[in-house]
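Residue numbers (mature numbering (1 follows the signal peptide of the UniProt record, and there is no 0)): -18 to -1, 1 to 269.
Below is the structure:
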């Protein structure tokens, strides 16, 4: 009975970290930054302890993921970078790391996950349990480049959209769920417009916030995926299960009309189009 009680207590104390594989207790994280930005990825603003197992360091900065490292270096392979060993949680030289890329374990900031290991045996065990391929840092860095098809070496083309009312996001606004800089991802912006405004990097995090605080749905707004126009969340239609990922992975993708949502769903292998009142807490947790 004593052993069972201890086990239950351990599970409860660590429940905050059970939902995301990337997270660790703060005491187990090595953070190289200092001051008020100690815990924030300098590229996207996400909390480094929450996404510690995928974090990388380079030139006195610590990034939440290889995705953000790639974006920060503009695709130039860094020579002095380190990565967290998924098993020991220590920072190791990326050149000596074995990366498992494309496993079923969710990654950070990308649809193609990437986890590093200090020895090949650990990497092989991870692959046997979760799939993926073992590769070196240069190869994993090249996979990260696939997240930026129109960026480095090419001129990115901004969507041409007629004059619309958008959700205007302060440059320093951070998502209260994950800590990400919201303004960096205008296609995914959502808003709670209550006594105080809160901005989110996607509908998924917006709904997590709403469920946790039992907030009125009529104060939530989302961005039309194509037009970037501000929509009342209760009047939008959402595509789930598509092959298009938001900053935090699988998303509820909003559209002004059901027809637009159905077209997007057909083009991007969506599982379903739903109305706002069909969104449930269980669905959000499953994404």
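Just so you know, even glycine gets a beta-carbon here, dropped at the ideal spot from N, CA and C.
| Asked | Found |
| --- | --- |
| Less than 6 Å between C-beta atoms, sequence neighbours within five positions excluded: which residues of the same chain meet that for residue 151? | 164, 165, 171 and 181 |
| Thinking C-beta only, is residue 130 closer than 8 Å to residue 90? | no |
| Determine the closest residue to residue 264 out of 195, 189 and 243, with distance taken between C-alpha atoms. | 189 |
| Where does residue 140 sit, in a helix, a strand or coil, going by DSSP? | Bear in mind that the predicted position of residue 140 carries a pLDDT of just 41, short of 50, making it unreliable; the figure below should be weighed with that in mind. Residue state, collapsed to three classes: coil. |
| Do residue 14 and residue 56 have their beta-carbon atoms positioned less than 8 Å apart in this structure? | no |
| I'd like to check one pair, residue 108 with residue 83: are the Cβ atoms closer than 8 Å? | no |
| Find the nearest neighbour of residue 123 within the set 243, 241, 78 and 48, judged by alpha-carbon distance. | 48 |
| Going by DSSP in three states, residue 250 sits in which element: helix, strand or coil? | coil |
| If you follow the alpha helix (DSSP H) that residue 48 is in, where does it begin and where does it stop? | 48 to 55 |
| Apart from the five residues on each side of it in sequence, which residues of its chain come closer than 8 Å, Cβ to Cβ, to residue 70? | 100 |
| Considering Cα atoms alone, identify which of 6, 262, 219 and 179 is closest to residue 238. | 219 |
| Reducing DSSP to helix, strand and coil, say where residue 257 ends up. | strand |
| Would you say residue 234 and residue 222 are within 8 Å of each other, going by their C-beta atoms? | yes |
| May I ask you to report which of helix, strand or coil DSSP gives residue 110? | helix |
| For residue 199, does the three-state DSSP call read helix, strand or coil? | helix |
| Label residue 257 either buried or exposed according to how many other C-beta atoms from any shown protein chain fall within 10 Å of its C-beta, with 16 as the threshold for buried. | exposed |
| DSSP on residue 33, reduced to helix/strand/coil? | coil |
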